[in-house]
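Working notes, beginning with the structure itself.
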Amino acid sequence: MPFRLRHGRIVFRSADARNFVLAILGGIVLFATITTGFARAGDAPPLEELHTAEQIRRLTPEQAALHYPVKMRGVITVFDQSLYTRFLQDDTAGIYIGDNTNLPPLKPGQEIQIEGVTYPGEYAPILMPSQIEVVGTNELPAAKPVTYEQLTSGQEDSQFVEVHGVVRAAYFDEQTNHELIDIATGGGRLTAYAQGLAPDKLTDIVGSMVRARGVCISLFNRQRQLFRLRLLLPRPQDLVVEGPSAGDPFSLPLKSIGTLQQFTPEGSYGSRVKVVGTVIYRQDDSTLYIEDEKQGLHVQTQQAGPLLIGDRVEVVGFPAKGIYTPMMEDAIFRKVSTGHVPKPENITVDEALKGTYDCRLVRIEATVLERVRQTREQFLVLQADGIIFNAAIEGKETGTGFSYLQKGSKVAVTGVCLIEPGNDWHAGEDWRAKSFHVLMRTAGDVFVLKYPPWWTLQKMLWMVAVLCFVVLFAMIWVVLLRNRVASQTDIISQKLQTEAALKARYEELFENANDFVYTHDLQGGITSINQTGEQLLQRSRAEVLNRNIVDLVVEEQRASARKWLDEVLKGAETPAAEWDFVAASGHRVKLEVSTRLIKQQGAGVEVEGIARDITERKRLEREILEISNREQRRIGHDLHDGICQLLAGIALMSESLANVLDEKGVAEFSEAERISALINSAIMQTRGVARGLFPVRLEENGLPSALEELASNVSELFKINCIFVSEKPPSGVDNEIALHLYYIVLEAVANAVKHGKARHIVIKLEPVGDRYLLEVREDGSGFVTPPVPHGGMGIRIMQYRARVIGATLNLENRPGHGTHLTCLFSTAMPDLARSEKKSTV
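Just so you know, the working numbering puts the end of the sequence shown at 842, numbered straight through with nothing missing.
Below is the structure:
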């Protein structure tokens, strides 16, 4: 068995046995789970198919989420994809049709057969269609007369209803491309959406009694709660005018502001009235305050247009109940004349609380208690006769506002008086409002009558408290300062000793460094130098200090050294440079110089440099290069005189063998001829390699002949186009210069063929003044700049060969378009190179 029992536990004999048993148990559990799932699925009863809108509306959101199947028939009441409104009504109720990209374009009055499933919707259950078939046309259902209270209950959502009311506003909305009609009905207002109404009808129906038929739409929040109503009119004839308006609204008889909302037995509900008054306040395009000789009026309007304080205007609108005095809603106005700035009424706080100056321009004297500034409002907290109130400026008021006002200042505030009556109103002269506030127009409505006195009892007590605190703090500070001075004295002594030790250590490191360490100012004047520098330059410190570092470089390198110094002073990251310094004995010392710009507060103040004697390293490098050249010559000579001669003998023997086989009629003579051809090809390639390693023509015929042979060999070996051009070749070039130039060209051509994959190479030699310019231009892919600043080994060897013969080498890399190498040289070795060679020997 794969397992056994031990002390009541199962013990597996191996890991494979344990895995086998676990797999069997897992399969049993999975089979039981699947079987149970199928059994449960089979127990769930199928959902009942619904056939009426009323059945869908009676579902709870949880039931509608089960997606009951629906198959019903009804009439389209509204279908407007721009407003996402699609409603269907049958004999029982109306229902919303969910969004589906496959819905066909439908029209009100079309009778359809629809199939789909229920969804909970965002407010009431809806029908999500899967198939729609237009079966004919029919009349729209009879509209159900409803009140505003019935609409706000939410029960009439998606139903075709009829409302009666007064049109308060009518306009065309460009965003929805619909005519919007605001209707006041019962205890509230709703907006009707229509299309196809004549433009003149929109202006004529304002103030009319109308009957509107359409689908009720409920606007709801995320908690599925209704907060606004809309009415969608499917046809223009669904808006019926029952009582027309008076025509030109400004032809209405003029009424005084004081007669609004007064008792009159012949008054009509919802009629517009016209009043005239003087503008005392204008806020944006929504709020307007006017007044006549006795009373003020708050006007709500959506009409834009500039109005100035003092303008005389006629206002036509619907009177409504205000907070205390009547107001006018949905008003329009027109300017009658330009008047003088109205004079405010000087009142007291008690007169303001009586309510007779509500919505009028007043002036009150009070004391400033506090200044408050909010995002869109800044106000003053004021006090007069023991009563606190505030005066505010609404809107985007800019500037310093009331920051100049001091608390306790006596001011006179001008603005519109607005009272809050409260809940304890009663008739009689002793009644007073709960509170009031003043709505100012600008910060200039505050006039300072008297600033508060500077010296007060409170300030005097504060000054005495501050003085006592200062004296106590000074006494404590003296004691603490004595202890701190003693502690700091010990710390300073320790720091001075540490700094002295560090300074001595630094001076020791500086003076005994193996490298030449120095500093110089921004003009190049040397400010410090160590003992190694004195030894290398064979000059005392006094002779070197204040001398320009460029003056210590050999004369032929000073121009380049000055350019290098300029780059250092600019803060650029420059690689280590190699310069020849002149010792006092006239001996040249080759130094590798690394520098660092010392900065203080972001500006350079001094340059620190470290120079290392690389004379011996350069001698070794030159010797290695000479050994390399000799080895190349030796290998080339051995290839030419040894292997090539041996291959030539083999080729001759194979050719003779082929002739003998041909004469005897042996079929293998063709193989012998092929072997002979391959050997001759090997001879040619070997001779090409030998000529590259040992340029015989260079010594026999000079540099131009050797370069011409090199171009020919490259073309033959690599099957590319390589040419040499020289219209005025030099008459004679020093053998050492010619050898180094030849190897520079050889390295450049090898890089172009192997790495750049060039197809065309041009080698050009032409005179430039008293010198000659050697160019190598190719069309390869160029090369990727290596991360180290000195480039690759091949480039460094070419640069070194150029320095040995006193030439100037430049390499221009053009990624994707090849490289361009130029070398400007003289035909004779410079004195510096000769002296180096002698010192090397």
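Note that CB positions come from ideal geometry on N, CA and C, so glycine has one too. Remember, it's a predicted structure, so these values are computed and weren't measured experimentally.
Please identify the residue among T204, G526, L537 and V555 whose C-alpha is closest to the C-alpha of R548. Out of T204, G526, L537 and V555, G526 has the C-alpha closest to the C-alpha of R548.
Are there 16 or more other CB atoms within 10 angstroms of the CB of A305, so buried, or fewer, so exposed? Counting Cβ neighbours within 10 Å, A305 comes out exposed, since fewer than 16 surround it.
Hey, how far is the Cα of A213 from the Cα of H165? In a straight line, the C-alpha of A213 is about 7 Å away from that of H165.
Tell me whether H427 sits in a helix, a strand or coil according to DSSP, three-state version. Taken through DSSP and simplified to helix, strand or coil, H427 comes out as coil.
T34 versus P46 - alpha carbon distance: Because T34 carries a pLDDT of 44, less than 50, the predicted location of this residue cannot be relied on, and the following value inherits that uncertainty. When rounded, the distance between both Cα atoms is 21 Å.
Assuming P712 contacts I764 (C-beta within less than 8 Å), just tell me the rounded distance between them. According to the sequence shown, residue 712 is Ala rather than Pro. That pair is a contact at about 6 Å.
I need the straight-line Cα distance from N391 to H438, nearest angstrom please. If I take the Cα positions, the gap works out to 5 Å.
Measuring CA to CA, which of Q114, T148, V147 and E123 is closest to I133? Residue Q114 holds the alpha-carbon nearest to the alpha-carbon of I133 among Q114, T148, V147 and E123.
Pairing CB atoms from the stretch 213-230 with CB atoms from the stretch 157-172, are three or more of them under 8 Å? Remark: three or more beta-carbon pairs, one from each stretch, lie closer than 8 Å, so the stretch 213-230 and the stretch 157-172 are flagged as touching.
Can you give me the Cβ contacts of V769 inside the same chain, cut-off strictly under 8 Å, excluding the 5 residues immediately before and after it? Answer for V769: L825, listed in chain order.
To test your reading of the DSSP string, which unbroken alpha helix (DSSP H) runs of 4 or more residues are found completely within the stretch 517-566? Every alpha helix (DSSP H) stretch that sits fully inside the stretch 517-566 and reaches 4 residues is listed by chain position as 532-538 and 542-545.
Three or more beta-carbon pairs under 8 Å between the stretch 557-569 and the stretch 526-544, yes or no? Under the three-pair Cβ rule at 8 Å, the stretch 557-569 does not count as touching the stretch 526-544.
Note down, in chain order, each residue of its chain lying with its Cβ closer than 6 Å to the Cβ of T94, except the 5 sequence neighbours on either side. As written in the sequence, residue 94 is Ala, which differs from the Thr given in the question. For A94, the CB contacts under 6 Å within the same chain, skipping 5 residues up- and downstream, are A54, E55 and R58 in chain order.
Can you check which of these residues, V337, G311 and R169, is closest to T302 by C-alpha distance? Nearest C-alpha to T302: R169.
So, helix, strand or coil for G650, using DSSP? When DSSP states are grouped into helix, strand and coil, G650 belongs to the helix group.
Between Q238, L232 and P327, which lies nearest to V274 when the distance is taken from Cα to Cα? For the residues Q238, L232 and P327, the minimum Cα distance to V274 belongs to P327.
If you follow the beta strand (DSSP E) that I599 is part of, which residue opens it and which one closes it? Its beta strand (DSSP E) spans residues R589 to Q601.
Measure from the alpha carbon of R442 to the alpha carbon of each residue in L462, G429, G402 and M476, then state which is nearest. Ranking L462, G429, G402 and M476 by Cα distance to R442 puts G402 first.
Who pairs with H761 in a beta bridge, going by DSSP? Looking at the DSSP output, H761 shares a beta bridge with N722.
Could you tell me whether the stretch 360-373 touches the stretch 402-420, using the rule of 3 or more Cβ pairs below 8 Å? At 8 Å Cβ cutoff, the stretches touch.
Close beta carbons around A502, own chain, < 6 Å, minus the five adjacent residues each side: None.
Closest residue to V79 among I291, D205, P254 and L233 (Cα-Cα distance): Out of I291, D205, P254 and L233, L233 has the C-alpha closest to the C-alpha of V79.
Give the DSSP-derived three-state secondary structure of I98 in the structure shown. Three-state result, I98: strand.
Among the residues of its own chain, which have a CB less than 8 Å from the CB of E669, if the five just before and after it don't count? Scanning its chain for C-beta atoms nearer than 8 Å, with the 5 sequence neighbours on each side dropped, one finds around E669 the residues L662, in chain order.
Closest by CA to G244, which one among S257, I206, P235 and P266? Among S257, I206, P235 and P266, the Cα nearest to that of G244 is on I206.
Do V314 and K295 have their CB atoms nearer than 8 Å? In this structure, the beta-carbon distance from V314 to K295 does not fall below 8 Å.
8 Å Cβ cutoff met for L128 and G117: Yes, they are a contact pair.
Using only CA atoms, which one of K411, A444, K355 and Q379 lies nearest to A428? Considering only K411, A444, K355 and Q379, the residue with the shortest C-alpha distance to A428 is K355.
Beta-carbon contacts of H791 that lie in its chain and below 8 Å, excluding the five residues immediately before and after: Residue placement at H791 is flagged as unreliable, the pLDDT there being 44, under the threshold of 50; the coordinate-derived value follows with that caveat. P576 and R797, listed in sequence order.
Delimiting residues of the alpha helix (DSSP H) encompassing R485: Looking at the DSSP string, the run of the alpha helix (DSSP H) that includes R485 is L458 to E512.
Quick one: complete beta strand (DSSP E) runs, 3+ long, within the stretch 276-301? Taking only runs of at least 3 residues, the beta strand (DSSP E) segments lying wholly in the stretch 276-301 are 288-292.
Span of the alpha helix (DSSP H) holding H741? Its alpha helix (DSSP H) spans residues N736 to K755.
Quick check: the Cα distance between A678 and L592, rounded to an integer number of angstroms? Using only the alpha carbons, I get a separation of about 57 Å.
Check whether the Cβ of T357 lies closer than 7 Å to any heavy atom of the ligand GTP, and answer yes or no. For the ligand GTP, the structure offers nothing, since it holds no ligand at all.
Tell me which residues share the same chain as I684 and place their Cβ nearer than 8 Å to its Cβ, disregarding the 5 neighbours each side in the sequence. Cβ neighbours of I684 beyond the five flanking positions: C645, L648, A649 and A652.
Check for me: the beta strand (DSSP E) holding T349 runs from which residue to which? Unbroken run through T349: none, as it is neither H nor E.
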